[in-house]
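Since the structure comes first, as structure tokens, the remarks are kept for the end.
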Amino acid sequence: MGICDATAIEVVHSDYMLANKGKEAPIRFAALAAIYDPQTIRHLETLGVACGLHCLEVGAGSGTIAKWLADRVGPTGYVLVTDVDTRFLEPLRGGPPL
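According to the numbering used here, numbering within the sequence shown proceeds without interruption in unit steps and concludes at 98.
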């Protein structure tokens, strides 16, 4: 079974206890952001994320760090964001290019 096998992806979504399809996903994402975003942002600042950089975020969840990255790199930078379920990232499309 390959990593892009549609059956494998569907099984993860339907059987996984913390699947993003659950109605509690936004609450879980907010809790994770509250717990982990401050440390993640400090780490990214220490790494020197700044205007004009190109960034990749894998497993973006609700997109809080993707939004921070986009704001930080500005219009001359670029942020590529991935997730198995991108519907929580859709509200970010109105802001800086992701």
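Backbone N, C-alpha and C define an ideal beta-carbon position, used for all residues, glycine too.
- Taking every protein chain shown into account, the CB of G52 has fewer than 16 other CB atoms within 10 angstroms, so this residue is exposed.
- Note that the C-beta distance between T64 and D37 is below 8 Å.
- CA-CA distance, K21 to V84, rounds to 11 Å.
- A residue is called buried once 16 or more other Cβ atoms fall within 10 Å of its Cβ, and A66 is buried on that count.
- Between G74 and A25, the alpha-carbon positions lie close to 29 Å from each other.
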